[in-house]
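At position 159 of the sequence shown the residue is numbered 159 (UniProt numbering), and the sequence of numbers has no breaks.
Down below is the structure, laid out as structure tokens.
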Amino acid sequence: VIIEGNIGSGKTELLKALESKGFSVLYEPDYTLVHGIPLLKQYYEKGENTFEFQLYAMISLWKVFLMAIEKNELIFIERSILSSFHVFTTLLYQTNRLSSLQFGIIKQIFDEYKKHFPYDRVKKMIILEADEKEMLMRIRKRGRNGEQFITEELLKDIMQAYSVFPRYYKGLTYSVDTTNKDVNSVVEQVLNLI
Numbered sequence: 001v002i003i004e005g006n007i008g009s010g011k012t013e014l015l016k017a018l019e020s021k022g023f024s025v026l027y028e029p030d031y032t033l034v035h036g037i038p039l040l041k042q043y044y045e046k047g048e049n050t051f052e053f054q055l056y057a058m059i060s061l062w063k064v065f066l067m068a069i070e071k072n073e074l075i076f077i078e079r080s081i082l083s084s085f086h087v088f089t090t091l092l093y094q095t096n097r098l099s100s101l102q103f104g105i106i107k108q109i110f111d112e113y114k115k116h117f118p119y120d121r122v123k124k125m126i127i128l129e130a131d132e133k134e135m136l137m138r139i140r141k142r143g144r145n146g147e148q149f150i151t152e153e154l155l156k157d158i159m160q161a162y163s164v165f166p167r168y169y170k171g172l173t174y175s176v177d178t179t180n181k182d183v184n185s186v187v188e189q190v191l192n193l194i
């Protein structure tokens, strides 16, 4: 089960709660420091290294997915290469933060991954949604290095990109609104979907 959603929508909190109930989970890799470079901070603060960040994210998420497949059990996974491309890479290209060449290179890599993506192994994709103001409050509260530069406008853009995401994976995607909900009610809602 792939757990998708905007920054601050509650993915990590949901996965921690599921893990505490005995479910297997795999978290999105940490991008704060990559090969000694504060990649996440540079990405959000200055808009630097967008190409490198997207390539690194896609490769890292693919590795996480391969680990999940090897386990051959029900696993909840935070994010996927599918949203990495369809949501984040596409948004960066549309907002001129990736050139046509950079977008083309990432798309070519994504298309290769997609050829080998075992869709039959994905039971569901659950997209967590929340109000932008609440997501921004959650982001500020957790204080992850680099995320202090995230704006409400960026969250709206990502939410818009996620709104078209289900059309690529019909029958697999379900939405859960986490606005003003405690994690236990979100867990219950997610478990009812699977």
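Using N, Cα and C, we set each Cβ at its ideal position, and we do this for glycine too.
Just so it is clear, the structure is predicted and the values come from calculations on it, not from any experiment.
Cβ-Cβ separation, residue j to residue i (assumed contact under 8 Å), whole Å
| i | j | result |
| --- | --- | --- |
| F165 | S80 | Not confirmed; about 10 Å, so no contact. |
| F124 | Y174 | Note on identity: in this sequence residue 124 is Lys, with Phe being the wrong assignment. Their Cβ separation, rounded to whole angstroms, is 6 Å, which keeps K124 and Y174 in contact under 8 Å. |
| E45 | F110 | About 26 Å separates the two Cβ atoms, so there is no contact after all. |
| K133 | E152 | 7 Å |
Secondary structure of residue i, DSSP reduced to three states
| i | result |
| --- | --- |
| Y174 | strand |
| E28 | coil |
| I139 | helix |
| I2 | strand |
| I127 | strand |
| S163 | helix |
| residue 235 | No statement about residue 235 is possible, as the shown extent of the chain runs from 1 to 194 and does not include it. |
| T90 | helix |
| K181 | coil |
| I158 | helix |
For residue i, the nearest candidate out of the options (CA to CA)
| i | options | result |
| --- | --- | --- |
| K11 | T50, L193 and V187 | V187 |
| G47 | I158, T90 and R97 | R97 |
| I37 | G22, Y27, Y56 and F23 | Y56 |
| L39 | S163, Q160, E147 and Y27 | E147 |
| residue 222 | L155, T90 and Q108 | Because residue 222 is not part of the residues shown, which for the chain are 1 to 194, the question remains open. |
| V34 | S20, Y27, E13 and S60 | S60 |
| I69 | Y162, P29, D30 and F117 | F117 |
| G171 | S20, Y119 and K71 | Y119 |
| H86 | Q160, R140, T178 and R142 | Q160 |
Beta-carbon proximity of residue i to residue j, cut-off 8 Å
| i | j | result |
| --- | --- | --- |
| F88 | Q54 | yes |
| F51 | Q94 | no |
| V25 | F65 | no |
| L193 | I126 | yes |
| I106 | M67 | no |
| G8 | R138 | yes |
| L128 | G5 | yes |
| L15 | E78 | yes |
| L91 | I158 | yes |
| E13 | V183 | yes |
| N145 | T32 | yes |
heavy atom of the ligand COA below 7 Å from residue i C-beta
| i | result |
| --- | --- |
| L18 | In the structure on display, the ligand COA does not appear, and there are no ligands present to speak of. |
**Q.** Whole alpha helix (DSSP H) elements within the region 11-86, 4-residue minimum
**A.** Whole alpha helix (DSSP H) segments, 4+ residues: 11-20, 39-45 and 50-71.
(Q) Please give the ranges of any alpha helix (DSSP H) in the region 93-124, keeping only runs that are unbroken, at least 4 residues long and fully inside the region. (A) Runs of the alpha helix (DSSP H) lying entirely within the region 93-124 and spanning at least 4 residues, in chain order: 100-115.
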